[in-house]
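**Student:**
2 protein chains.
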Amino acid sequence: MPTMQSGAMETEILSPDHDPIHVIDLIRKKRDGQALDAPELKFLVDGAASGAIPLEQLAAWLMAAWLRGLSVDETRALTLAMRDSGERFSPLRLGKKAVDKHSSGGVGDKTSILVAPLAAACGCVVPMISGRALGHTGGTLDKLEAIPGYRTELSLSEFEAVLARCGASIIGQTPELAPADRVLYALRDRTGTVENPGLICASILSKKLAAGLDGLVLDVKTGSGAFLRTYEDSAYLAALMVSTAEAAGTRAVALLTDMDQPLGCAAGNWIELVESVELLRGARPAERPETNFDLRELALILAGWMVHLGGQALTPEAGYTRAEQALMDGSALRIFFEMIEAQGGDASVFDERARFHKPGATQVVEAWRSGYIAEMDTTAVGWAVQRLGAGREKADEPVDPHAGIRFHARRGCCVEAGRPLATLYATTAAKLAEPVALLRRAIHFSEAPPHAGALVSRIFARQTAEEYLRKRMGAGQ
Amino acid sequence: MPTMQSGAMETEILSPDHDPIHVIDLIRKKRDGQALDAPELKFLVDGAASGAIPLEQLAAWLMAAWLRGLSVDETRALTLAMRDSGERFSPLRLGKKAVDKHSSGGVGDKTSILVAPLAAACGCVVPMISGRALGHTGGTLDKLEAIPGYRTELSLSEFEAVLARCGASIIGQTPELAPADRVLYALRDRTGTVENPGLICASILSKKLAAGLDGLVLDVKTGSGAFLRTYEDSAYLAALMVSTAEAAGTRAVALLTDMDQPLGCAAGNWIELVESVELLRGARPAERPETNFDLRELALILAGWMVHLGGQALTPEAGYTRAEQALMDGSALRIFFEMIEAQGGDASVFDERARFHKPGATQVVEAWRSGYIAEMDTTAVGWAVQRLGAGREKADEPVDPHAGIRFHARRGCCVEAGRPLATLYATTAAKLAEPVALLRRAIHFSEAPPHAGALVSRIFARQTAEEYLRKRMGAGQ
Chain A
0 MPTMQSGAME TEILSPDHDP IHVIDLIRKK RDGQALDAPE LKFLVDGAAS GAIPLEQLAA
60 WLMAAWLRGL SVDETRALTL AMRDSGERFS PLRLGKKAVD KHSSGGVGDK TSILVAPLAA
120 ACGCVVPMIS GRALGHTGGT LDKLEAIPGY RTELSLSEFE AVLARCGASI IGQTPELAPA
180 DRVLYALRDR TGTVENPGLI CASILSKKLA AGLDGLVLDV KTGSGAFLRT YEDSAYLAAL
240 MVSTAEAAGT RAVALLTDMD QPLGCAAGNW IELVESVELL RGARPAERPE TNFDLRELAL
300 ILAGWMVHLG GQALTPEAGY TRAEQALMDG SALRIFFEMI EAQGGDASVF DERARFHKPG
360 ATQVVEAWRS GYIAEMDTTA VGWAVQRLGA GREKADEPVD PHAGIRFHAR RGCCVEAGRP
420 LATLYATTAA KLAEPVALLR RAIHFSEAPP HAGALVSRIF ARQTAEEYLR KRMGAGQ
Chain B
0 MPTMQSGAME TEILSPDHDP IHVIDLIRKK RDGQALDAPE LKFLVDGAAS GAIPLEQLAA
60 WLMAAWLRGL SVDETRALTL AMRDSGERFS PLRLGKKAVD KHSSGGVGDK TSILVAPLAA
120 ACGCVVPMIS GRALGHTGGT LDKLEAIPGY RTELSLSEFE AVLARCGASI IGQTPELAPA
180 DRVLYALRDR TGTVENPGLI CASILSKKLA AGLDGLVLDV KTGSGAFLRT YEDSAYLAAL
240 MVSTAEAAGT RAVALLTDMD QPLGCAAGNW IELVESVELL RGARPAERPE TNFDLRELAL
300 ILAGWMVHLG GQALTPEAGY TRAEQALMDG SALRIFFEMI EAQGGDASVF DERARFHKPG
360 ATQVVEAWRS GYIAEMDTTA VGWAVQRLGA GREKADEPVD PHAGIRFHAR RGCCVEAGRP
420 LATLYATTAA KLAEPVALLR RAIHFSEAPP HAGALVSRIF ARQTAEEYLR KRMGAGQ
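Protein sequence lines correspond, in order, to chains A and B. Note that the first sequence covers residues 0 to 476 in numbering that gives the first Met the number 0. Note that the second sequence covers residues 0 to 476 in numbering that gives the first Met the number 0.
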């Protein structure tokens with residue numbers, strides 16, 4: 000299909016009488032495959048934040064950017080413009096280095112709940128601004144809100160007070176920080192322009208950079224439950240985020256981690272919290288302790304990097320050791336409970352956790368044959384969790400804290416027919432059928448043990464990220 | 000830059016609980032390069048007309064369509080959905096075949112004013128719904144509104160009454176016919192999605208087909224003043240429109256015509272009207288009669304095709320002869336004056352035309368060297384006309400009926416230095432400088448006479464249009 004270029008004539012003639020920048024010219028420029036410069040991107044972002052640019056013009060630009068792509072320079076400029084669209088939080092006066100972790104979203108991924116107190120226990124401050132469940136992925140805020148009284152909406156001064164007291168605070172997006180992202184993210188969600196590396200990078204980093212971080216650890220998922228479809232897409236996003244954060248003066252590292260099955264042995268809001276607290280207590284599941292080995296390991300690796308970037312360990316390995324110590328000596332758990340109380344939550348709920356868990360309906364799915372669990376379509380598992388009531392399909396839908404799936408076996412396990420594979424908790428019995436069917440379709444058995452993938456398959460720091468981007472650009476990207 | 004595909008999973012799982020069609024799925028489908036089917040396009044078009052689909056989602060779809068292109072089938076389905084988004088006008092009861100002409104927009108193009116009464120004088124009925132000046136191109140409605148009292152906004156029953164009385168009526172777009180086009184056209188204008196052949200075709204034809212035409216003559220401009228940049232772009236649009244109109248049951252033909260210089264010897268609202276009336280009076284300019292030979296010729300060719308498609312002549316050549324007769328015997332002029340009066344206008348203004356023309360300021364541009372006029376950048380000439388006050392940069396701006404340019408020489412003329420090339424009429428003296436500069440930059444001289452292009456370079460009827468589209472598709476389009 001041919002496309003027709005609009006003449007440069009019009010723009011040249013129109014320009015003298017008008018403002019130096021016109022939205023329509025920026026849309027056309029991106030549409031025609033050119034890169035916008037920093038002032039042009041700032042104009043769009045400020046117009047998004049203030050409402051001066053109508054949503055339909057922003058939507059046209061977003062679709063053009065999605066299809067034409069954003070260059071590395073554009074991504075950097077967009078990120079900075081979005082970071083600067085509102086206030087900046089400054090953790091400087093807290094007297095410690097501020098570090099954070101971001102994950103690209105997974106199933107059963109409760110590492111935020113673990114790494115925030117772990118890194119704080121090792122002498123960092125962790126001002127963590129988290130998100131909610133959407134689609135097949137869970138959200139840290141929804142998990143924390145399963146704790147009666149826990150407030151995720153704090154003012155920036157309340158946030159600072161919790162950080163000063165506990166060293167860690169996990170809250171939701173604030174209206175003050177990166178307001179352009181709220182407008183653009185909601186718009187991308189409605190206009191089919193979510194899955195673009197430059198737009199994803201700018202959305203994530205603008206909020207993180209506005210929080211004034213010294214160091215940021217990025218956990219980019221790969222595999223059947225990852226948001227991005229291919230390994231190379233995940234690698235590109237990881238390298239792009241590291242390069243962009245470093246260019247903005249924040250130390251950053253990205254780990255490509257396995258999401259070929261849910262992380263740990265629970266996916267759901269309350270049951271993930273319980274799994275996290277057990278882990279911070281140093282306990283392991285009595286039945287099949289291997290079911291959350293991956294969760295413990297990943298949390299310690301991520302926390303180790305946070306501790307390293309926060310200047311509390313010379314290497315990430317030394318950071319791992321310090322974090323493991325904070326896990327074993329109970330100091331991280333203490334910080335977690337302090338944080339809960341500082342944010343209005345009732346941590347005593349974990350003492351009566353069995354009584355507190357009140358799912359509307361329960362069903363056990365048993366192995367329908369004997370063999371090795373070879374594959375789990377983790378995106379489908381995530382949708383099963385959502386359909387049970389634990390997640391949301393659209394923003395602003397309520398979630399059920401009690402719904403979810405507890406896994407009794409994981410990939411690579413050899414199970415006998417009739418053994419329980421998973422227990423499903425739903426809001427109502429009527430909500431069980433579809434998730435059960437989804438889960439049964441998602442799990443595949445084999446005669447031989449499957450290939451075990453690495454938990455962390457690749458790490459990008461500044462230099463390796465730059466090299467990767469250069470190589471990729473050289474290959475015509 | 001890599002783009003990342005959103006999984007089919009989500010859509011498949013989301014679908015069962017919901018309406019069969021989701022806007023977001025249609026946006027993604029187009030974004031990913033697939034063609035939408037007729038029910039999907041109807042859903043979008045109806046949502047645009049009713050306001051049920053937010054503008055930002057329509058904008059995202061439009062940009063995806065602009066960049067990915069619309070297939071011939073999509074263009075047909077989109078055109079029909081837009082045609083059916085409102086009422087249909089039925090000229091059937093007028094007892095004559097209804098024909099119309101549409102031009103892709105030019106500078107000095109007043110053929111609509113000529114062909115409507117010419118075809119009506121030859122026994123057709125011409126229900127012509129016209130547009131306004133925008134950018135470098137003029138608009139028939141603005142020209143007619145230079146006549147005191149002339150109403151371009153008629154109800155459909157008033158329109159029918161004028162047609163029954165005069166055989167021709169020229170009005171503006173009505174709220175009843177193809178309302179989706181009003182929404183989508185305004186949106187394309189703001190979102191950089193105007194210049195796409197499928198979208199242009201659907202916009203033009205939806206209105207024309209809703210007017211219940213038996214035959215439609217399409218005048219697609221080529222050359223330096225054309226809306227589309229290349230000859231092949233114009234050819235593709237021409238073939239696409241003929242094929243689409245024929246598939247919808249309206250006989251259609253498209254002529255690719257020369258816009259390498261303004262058509263006739265006047266560009267501006269009132270002065271174009273005067274040129275048209277002179278021509279319908281059978282008169283030619285006393286000074287340099289060749290200056291509007293092209294206008295007379297093109298009007299008769301177009302009218303000849305209209306008369307042929309309207310069943311009043313066996314061939315377009317016979318139609319030309321009939322139209323020329325209607326011009327020479329004054330019957331077309333009589334119809335034009337009747338139409339003016341039927342629509343509230345005062346045709347006596349043409350008797351005192353010199354007194355009526357009251358430009359705010361006048362300047363003659365003289366040849367700055369001797370030689371042949373080799374080239375005219377006709378888009379730049381059009382912008383000069385607009386800047387004098389005759390046109391508009393944005394929809395809804397007022398226009399000055401008295402502003403414009405009268406040309407004393409045309410491409411191919413040999414002129415001596417100091418001879419007047421053109422007279423510029425502006426709203427105010429301050430508005431003269433930029434258009435004068437534009438005009439001087441737009442005209443280029445040569446020592447030898449330039450190559451004279453054909454007035455009509457190509458004609459597409461149903462069969463030739465289909466062949467062209469097939470060949471183009473075969474070449475990977």
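Note that CB positions come from ideal geometry on N, CA and C, so glycine has one too.
Buried or exposed: A:Q462, going by 16 or more other Cβ atoms within 10 Å of its Cβ?
**Tutor:** As a working mapping, residue 462 of chain A is identified with position 463 in the first sequence. Counting Cβ neighbours within 10 Å, A:Q462 comes out exposed, since fewer than 16 surround it.
**Student:** When you check each C-beta in the segment 186-200 of chain B against every C-beta of chain A, which residues fall closer than 8 Å?
**Tutor:** Listed by position, the residues of the segment 186-200 of chain B near chain A (Cβ gap below 8 Å) are L186, R189, T190, G191, T192, V193, E194, N195, P196, G197.
**Student:** Nearest to B:G85 by alpha carbon, out of B:A436, B:A312, B:K207, B:M258?
**Tutor:** Locating residue 85 of chain B in the second sequence gives position 86, where the first residue counts as 1. The shortest Cα separation from B:G85 among B:A436, B:A312, B:K207, B:M258 belongs to B:K207.
**Student:** Would you kindly work out how many angstroms separate the C-alpha atoms of B:R457 and B:R27, rounded to a whole number?
**Tutor:** In the second sequence, the residue the question calls residue 457 of chain B occupies position 458. In the second sequence, the residue the question calls residue 27 of chain B occupies position 28. Taking the straight line joining both Cα atoms gives about 38 Å.
**Student:** Mark B:R321 as exposed unless 16 or more other C-beta atoms lie within 10 angstroms of its C-beta, in which case mark it buried.
**Tutor:** For the purposes of this step, residue 321 of chain B is taken as residue 322 along the second sequence, with counting starting at 1. When all chains shown are included, B:R321 counts as buried.
**Student:** According to DSSP, which residues form a beta bridge with A:Y371?
**Tutor:** Translated into positions along the first sequence, residue 371 of chain A becomes position 372. A:Y371 pairs with A:C413, A:S445.
**Student:** Determine the extent of the alpha helix (DSSP H) in which A:Y235 is found, giving its start and end residues.
**Tutor:** Looking up residue 235 of chain A in the first sequence gives position 236. It spans 230-246 - the alpha helix (DSSP H) in which A:Y235 sits, taken as one unbroken run.
**Student:** Taking one C-beta from the segment 184-197 of chain A and one from the segment 362-377 of chain A each time, how about it: are there three or more such pairs within less than 8 Å?
**Tutor:** Verdict: no, contact absent.
**Student:** Strictly below 8 Å CB to CB, what residues from chain A border B:L66?
**Tutor:** Start at 1 with the first residue of the second sequence, and residue 66 of chain B comes out as number 67. T2, R30, M62, A63, L66, R67, listed in chain order.
**Student:** Can you give me the Cβ contacts of A:L54 inside the same chain, cut-off strictly under 7 Å, excluding the 5 residues immediately before and after it?
**Tutor:** The residue labelled residue 54 of chain A in the question sits at position 55 within the first sequence. The answer, listed in chain order, is L186.
**Student:** If the cut is a Cβ gap below 9 Å, which residues of chain A does B:L54 touch?
**Tutor:** Here residue 54 of chain B refers to the residue found at position 55 of the second sequence. Residues of chain A passing the Cβ test: P53, L54, E55, A58.
**Student:** Hey, is B:I442's beta-carbon within less than 8 Å of any beta-carbon in chain A?
**Tutor:** Counted from its first residue, the second sequence places residue 442 of chain B at position 443. Not an interface residue.
**Student:** Would you say B:R461 faces chain A, with C-beta separation under 8 Å as the test?
**Tutor:** Mapped onto the second sequence, residue 461 of chain B falls at position 462. Answer no: the Cβ-Cβ gap between B:R461 and chain A never drops below 8 Å.
**Student:** Starting from B:K100, follow its DSSP beta bridges and name the residues at the other end.
**Tutor:** As a working mapping, residue 100 of chain B is identified with position 101 in the second sequence. For B:K100, which the question treats as bridged, DSSP gives the partners B:V216.
**Student:** Mind checking which residues open and close the beta strand (DSSP E) that includes A:F406?
**Tutor:** Locating residue 406 of chain A in the first sequence gives position 407, where the first residue counts as 1. Here the beta strand (DSSP E) through A:F406 covers 403-406.
**Student:** Does the beta carbon of A:I270 sit closer than 8 Å to a beta carbon anywhere in chain B?
**Tutor:** For the purposes of this step, residue 270 of chain A is identified with residue 271 of the first sequence, where counting begins at 1. No, its Cβ sits nowhere closer than 8 Å to a Cβ of chain B.
**Student:** Any idea if B:L91 is buried or exposed, counting beta-carbon neighbours within 10 angstroms, 16 or more meaning buried?
**Tutor:** Here the question's residue 91 of chain B lines up with position 92 in the second sequence. With fewer than 16 other Cβ atoms within 10 Å, it is exposed.
**Student:** Return the Cβ separation of B:L308 and B:G197 in integer angstroms, given the expectation that the two are a contact with Cβ distance under 8 Å.
**Tutor:** Your numbering for residue 308 of chain B matches position 309 in the second sequence. Your numbering for residue 197 of chain B matches position 198 in the second sequence. Contact flag wrong, Cβ pair sits at about 24 Å.
**Student:** In whole angstroms, what separates the C-alpha of B:G558 from that of B:S102?
**Tutor:** No information on residue 558 of chain B is available, as it lies outside the stretch 0 to 476 that chain B covers here.
**Student:** Which residues in the same chain have their Cβ closer than 7 Å to the Cβ of B:A447, if we skip the five residues on either side of it in sequence?
**Tutor:** Taking the first residue of the second sequence as position 1, residue 447 of chain B is located at position 448. Counting only Cβ-Cβ distances below 7 Å, and skipping sequence neighbours, we find Y371.
**Student:** Apply the 10 Å Cβ neighbour rule to B:A7 and answer buried if 16 or more other Cβ atoms are within range, or exposed otherwise.
**Tutor:** Taking the second sequence and counting its residues from 1, one reaches residue 7 of chain B at position 8. Since pLDDT at B:A7 reaches only 30, below the 50 mark, its modelled position is unreliable, and the value read off the structure follows with that caveat. That one is exposed.
**Student:** Using DSSP with H/G/I as helix, E/B as strand and the rest coil, what is A:T78?
**Tutor:** Along the first sequence, read from residue 1 onward, the residue named residue 78 of chain A stands at position 79. Three-state result, A:T78: helix.
**Student:** Do we get a CB-CB distance below 8 Å when we pair B:R457 with the residues of chain A?
**Tutor:** Residue 457 of chain B sits at position 458 when you count from the first residue of the second sequence. Taking Cβ atoms only, chain A never reaches closer than 8 Å to B:R457, which makes this a no.
**Student:** Give a yes or no on whether 8 Å exceeds the smallest Cβ distance from A:I23 to chain B.
**Tutor:** Here residue 23 of chain A refers to the residue found at position 24 when the first sequence is read from its first residue. True, the Cβ-Cβ gap to chain B drops below 8 Å.
**Student:** Within this structure, are the beta carbons of B:E340 and B:A331 separated by less than 8 Å?
**Tutor:** To locate residue 340 of chain B, count along the second sequence from 1; it is residue 341. To locate residue 331 of chain B, count along the second sequence from 1; it is residue 332. No, Cβ-Cβ distance for B:E340 and B:A331 is not below 8 Å.
**Student:** By how many angstroms is the C-alpha of B:R30 removed from the C-alpha of A:D453?
**Tutor:** Position 454 of the first sequence, counting from 1, holds the residue named residue 453 of chain A. Position 31 of the second sequence, counting from 1, holds the residue named residue 30 of chain B. In the sequence on display, residue 453 of chain A carries Ala and not Asp. Those two C-alpha atoms are separated by around 34 Å.
**Student:** Listing by chain order, which chain A residues have their CB less than 7 Å from the CB of B:I26?
**Tutor:** Position 27 of the second sequence, counted from the start, is the residue given in the question as residue 26 of chain B. Result: T190, G191.
**Student:** Which same chain residues, not among the five before or five after A:F459, have their C-beta less than 6 Å away from its C-beta?
**Tutor:** As a first step, residue 459 of chain A is located in the first sequence; it is residue number 460 there, counting from the start. The residues are A237, A238, V241, A253.
**Student:** Taking A:E152 and A:G171 to be in contact with their CB atoms under 8 Å, please state how far apart those CB atoms are, rounded to whole angstroms.
**Tutor:** Locating residue 152 of chain A in the first sequence gives position 153, where the first residue counts as 1. Locating residue 171 of chain A in the first sequence gives position 172, where the first residue counts as 1. The pair is a contact, with the Cβ atoms about 6 Å apart (cut-off 8 Å).
**Student:** Using a threshold of 8 Å, state whether the C-beta atoms of B:Y319 and B:I334 are closer than that.
**Tutor:** Position 320 of the second sequence, counted from the first residue, corresponds to residue 319 of chain B. Position 335 of the second sequence, counted from the first residue, corresponds to residue 334 of chain B. It is not a contact, given that the beta carbons lie outside the stated cut-off.
**Student:** Using the Cβ count rule (16 or more neighbours within 10 Å means buried), how would you classify A:Q33?
**Tutor:** Taking the first sequence and counting its residues from 1, the one referred to as residue 33 of chain A is at position 34. It counts as exposed.
**Student:** Could you round the C-beta distance between A:H407 and A:W269 to whole angstroms and report it? I think they count as a contact, below 8 Å.
**Tutor:** One-based indexing of the first sequence puts residue 407 of chain A at position 408. One-based indexing of the first sequence puts residue 269 of chain A at position 270. Not a contact, Cβ separation roughly 18 Å.
**Student:** Along the beta strand (DSSP E) that carries A:Q362, what are the first and last residues, could you check?
**Tutor:** Locating residue 362 of chain A in the first sequence gives position 363, counting from the first residue. First-last of the beta strand (DSSP E) with A:Q362: 360-365.
**Student:** Which of helix, strand or coil does DSSP assign to B:R457?
**Tutor:** Position 458 of the second sequence, counted from the first residue, corresponds to residue 457 of chain B. Three-state DSSP puts B:R457 in a strand.
**Student:** Given a threshold of 16 other Cβ atoms within 10 Å of its Cβ, counted over all protein chains shown, does A:V313 qualify as buried or as exposed?
**Tutor:** One-based indexing of the first sequence puts residue 313 of chain A at position 314. It is Leu, not Val, that sits at residue 313 of chain A in the sequence shown. Looking at its Cβ environment, which holds fewer than 16 other Cβ atoms inside 10 Å, A:L313 is exposed.
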